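Colleague: Before I ask anything, here is the structure I am working with.
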Amino acid sequence: MEDQVLLVKDFRKVYGDFVAVDGVNFEVQRGEIFGLLGPNGAGKTSTLECLEGLRQPDGGTLDILGVNPAREPHKLRNLIGVQLQSSGLPATMTAREAMRFFCAYHGVAPRDDLLERLGLQGKQDAQFQGLSTGQQRRLSLALAVAHKPPVIILDEPTAGLDVSSRAELHALMQELRDEGLTIILATHDMAEAEKMTDRVAILLKGKIVATGSPTELTATGAGFTKVSVRTERAVLMDNHTAFPAVSQRIIREEYVIYWSIDPGPTVAAILAHLSAQDDKLIDLRVERPSLEERFLELTTG
Amino acid sequence: MTAFMHHFAYEFKTGLRNPSLLMINYLFPLGFFAMMGFVMTAINPLFQASMVPAMVIFAIVAATVLGMPGPLVEAREAGIFRSYKINGVPALSILAIPGLTTGFHALITAAIITLTAPLFFGGHAPVNVGAFVGITLLTAFTCAALGMLISVISANSRATILWSQLVFLPSMLIGGLMMPLDVLPEAVRPFSALLPTSHAMQLFTGWAYNEPTVFNLPVSALILALSGMLAFALSIYLFNWDTHNQIRRGHPLMALLALAPYVVSMFLK
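Chains as they are written, first to last, in this note's numbering: chain W, 1 to 301; chain X, 1 to 269.
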């Protein structure tokens with residue numbers, strides 16, 4: 001496909017007798033933010049490390065813009081920018097030195113403007129060990145994009161960040177996507193994946209168990225919709241009336257939550273019941289399951 | 001500025017910024033030099049004759065064998081080499097540039113020792129300055145290559161200390177620095193030929209000071225050069241980017257090949 005940037009086909013990675021990744025297939029299109037999700041040990045890191053050229057695959061095809069990461073590392077290095085989960089920088093290296101160091105190896109002029117854009121103005125001469133976690137992450141991201149690679153791989157980019165730093169990084173990721181860059185995002189944060197990604201693949205025990213947009217994935221689960229109801233006199237709390245299409249009922253704080261396969265009749269029946277009981281509605285929410293709920297459904301069975 | 005120059009400038013500054021490296025590159029050898037100048041020359045005035053080369057070799061071995069491997073192993077353990085690999089930093093630069101900058105720091109310390117020993121402690125200045133400089137450079141190269149090899153084969157920081165001390169301590173005891181090789185016990189003397197410091201000290205004694213030696217000097221020069229080249233080549237060959245990725249081109253025991261020239265030298269004297 002013309003806009004295909006990355007292809008993973010029948011990919012397999014083995015460590016001794018342990019099969020870490022077993023026949024994984026996915027592709028990523030230009031300008032996408034593609035999420036790679038999965039619990040610890042699912043095979044995310046092995047997949048990313050092979051894409052980054054850090055490890056050799058044991059089978060299948062890996063292709064980034066026509067380049068085989070294992071066989072053509074010299075071509076690969078200018079095609080990808082990687083923000084590693086670990087620091088990746090010497091403790092005594094300053095932000096400015098890091099920018100000059102990595103840009104020199106990529107053969108491009110240093111991008112000090114990126115340091116300012118990522119809120120590191122005034123920190124250019126601070127050593128890496130003296131930066132906060134958020135500043136370290138932002139510096140790593142600045143270095144990953146400084147040579148303008150078409151593909152960026154982000155491994156847990158917002159782990160350990162405060163709310164405002166997360167929001168800043170998310171805004172930057174969206175800017176980069178808008179500029180046409182392709183982003184591979186590995187994360188444990190389902191809210192982040194749901195908010196940021198165009199498509200995700202969920203890995204479990206070395207295999208992909210689901211792939212698609214977050215909306216598609218949440219719609220293809222067991223098909224339940226959450227109907228959460230809070231009323232003035234809380235008559236639903238002790239009421240076990242079998243509302244139509246409801247398969248499960250739970251109480252969470254002041255809400256009664258119904259899992260419905262057909263929310264229309266369920267909501268209509270609840271409202272009719274409240275009216276008959278002379279109770280007054282305070283809050284009514286009809287929600288699809290979140291990606292996190294879908295993820296848990298897939299990974300825990 | 002080229003990538004090499006940026007890398008070199010950063011590594012050189014690290015030798016001053018990192019408190020451990022500052023200590024091992026400058027404070028430790030210069031402090032030891034001052035102590036030996038005050039104490040040893042008073043106890044044994046003959047030490048003045050060998051003080052300059054002995055302290056120069058000490059400074060080089062301290063910086064390259066004791067100081068250099070640790071930060072390289074820590075960088076590998078911290079995943080910094082992974083980041084370097086992704087960004088196209090070659091293995092050769094990762095090893096050779098710290099080797100060069102460490103050698104540079106050691107040469108600065110050596111220059112301070114060479115210039116101040118005659119002034120403050122009556123240390124003998126070299127007779128043949130050209131030979132003195134050449135032997136200093138050769139010793140720095142060989143020891144830096146040995147430091148690189150130690151950093152490559154060490155599984156972790158603790159192992160690094162072990163390997164470094166395995167070279168450093170015998171060098172101090174039977175490597176000709178504290179006492180001349182000809183006063184060593186007969187049974188120990190052959191083992192001194194296994195140490196680069198013994199050959200370096202003999203070269204200084206013979207070629208830079210025109211004094212009699214017990215080793216064949218051209219052979220010692222060849223041994224030092226060969227072992228340095230072997231250690232450097234083996235470092236590149238055995239280099240591992242990642243602590244967690246155990247796949248490497250050869251077994252770490254291959255590093256023992258770098259000692260082969262010294263073993264041969266035991267039978268050539």
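Every residue, glycine too, gets a C-beta built ideally from N, C-alpha and C.
Values in this document were obtained by computation on a predicted structure and should not be read as measured data.
#1: Please tell me whether Ala255/X has its Cβ less than 8 Å away from any Cβ of chain W.
#2: When you compare the CB of Ser277/X with every CB in chain W, is at least one pair closer than 8 Å?
#3: CB Gly212/W to CB Glu168/W, shorter than 8 Å?
#4: Cα separation between Ser227/X and Pro69/W?
#5: At least one CB of chain X closer than 8 Å to the CB of Leu101/W: is that the case?
#6: Could you pull the start and end residues of the alpha helix (DSSP H) that Arg137/W belongs to?
#7: With DSSP as the reference, label Gln277/W as helix, strand or coil.
#8: Is any beta-carbon of chain X found at less than 8 Å from that of Pro149/W?
#9: Check whether the Cβ of Val108/W lies closer than 8 Å to any Cβ atom in chain X.
#10: Check each candidate in His6/X, Leu177/X, Pro19/X and Ile161/X and name the one with the smallest Cα separation from Met36/X.
#11: From the beta carbon of Gln52/W, is the nearest beta carbon of chain X less than 8 Å away?
#12: Going residue by residue through the segment 5-81 of chain X, where are the continuous alpha helix (DSSP H) segments of at least 4 residues, counting only ones entirely within it?
#13: What ranges does the beta strand (DSSP E) occupy inside the segment 51-129 of chain W, keeping only unbroken runs of at least 3 residues that lie completely in it?
#14: Look at the Cβ atom of Arg96/W, then the Cβ atom of Gln135/W, and state whether they are nearer than 8 Å.
#15: Spatial neighbours of Arg230/W within its chain, please: C-beta separation below 6 Å, excluding the five flanking residues on both sides.
#16: Here's the rule I'm using: 16 or more other beta-carbon atoms within 10 Å means buried, otherwise exposed. How should Gly81/W be labelled?
#17: Mind pulling the chain W residues with CB within less than 7 Å of Ala3/X?
#18: Any idea which residues DSSP pairs Cys18/W with across the strands?
#19: Based on the DSSP output, what are the partners of Trp259/W in its beta bridges?
#20: Of all the CB atoms in chain X, is at least one closer than 8 Å to the CB of Glu156/W?
#21: Val209/W lies in the beta strand (DSSP E); which residues open and close that run?
#22: Check each residue of the segment 56-84 of chain X: if its Cβ is closer than 7 Å to any Cβ of chain W, include it; give the result in chain order.
#23: Going by C-alpha distance, which of Arg233/W, Thr92/W and Gly130/W is nearest Gln277/W?
#24: Quick one: is Glu97/W near chain X, going by C-beta distance under 8 Å?
#25: Does the segment 43-54 of chain X come close enough to the segment 159-167 of chain X that 3 or more CB-CB pairs lie under 8 Å?
#26: Can we say the segment 61-73 of chain X touches the segment 204-212 of chain X, given the rule of at least three CB pairs closer than 8 Å?
#27: Who pairs with Phe34/W in a beta bridge, going by DSSP?
#28: Can you round the beta-carbon distance between Phe128/W and Met93/W to whole angstroms, since I take them to be within the 8 Å contact cut?
#29: Does Thr2/X come out as helix, strand or coil in the three-state DSSP assignment?
#30: Measuring alpha carbon to alpha carbon, tell me which residue in Pro261/X, Arg82/X, Glu74/X and Ile86/X is nearest Leu76/W.
#31: Kindly indicate if chain W contains any beta-carbon less than 8 Å away from that of Gly88/X.
#32: Taking Ala200/X as the reference, which of Pro185/X, Met172/X, Asn18/X and Asn240/X has the closest Cα?
#33: Roughly how many whole angstroms lie between the Cα atoms of Leu92/X and Gly206/W?
#34: Is it true that the CB of Val73/X sits closer than 8 Å to the CB of Ser274/X?
Modeller: Let me lay it out:
#1: no
#2: It is not possible to answer for residue 277/X, since the shown part of chain X is limited to 1 through 269.
#3: no
#4: 36 Å
#5: This sequence places Phe at residue 101/W; Leu is not what is there. It does: the Cβ of Phe101/W has a partner Cβ on chain X nearer than 8 Å.
#6: Thr133 to Val145
#7: coil
#8: no
#9: no
#10: Leu177/X
#11: Per the sequence shown, residue 52/W should be read as Glu rather than Gln. Yes, its Cβ sits closer than 8 Å to a Cβ of chain X.
#12: 19-22, 28-35, 47-61 and 69-77
#13: 59-64 and 80-83
#14: no
#15: Glu254, Tyr255, Ile282 and Asp283
#16: Gly81/W should be labelled buried.
#17: Ala104 and Tyr105
#18: Reading off the sequence, residue 18/W comes out as Phe, not Cys. According to DSSP, Phe18/W bridges with Tyr15/W.
#19: Lys226/W and Gln248/W
#20: no
#21: Lys207 to Gly212
#22: Ala75, Ala78, Gly79, Ile80, Arg82 and Ser83
#23: Among Arg233/W, Thr92/W and Gly130/W, the Cα nearest to that of Gln277/W belongs to Arg233/W.
#24: yes
#25: no
#26: Fewer than three Cβ pairs drawn from the segment 61-73 of chain X and the segment 204-212 of chain X lie within less than 8 Å of each other, which leaves the two stretches out of contact.
#27: Ile184/W and Arg199/W
#28: 5 Å
#29: Coil.
#30: Ile86/X
#31: yes
#32: Met172/X
#33: 35 Å
#34: This structure cannot settle anything about residue 274/X, because the visible part of chain X is limited to 1 through 269.
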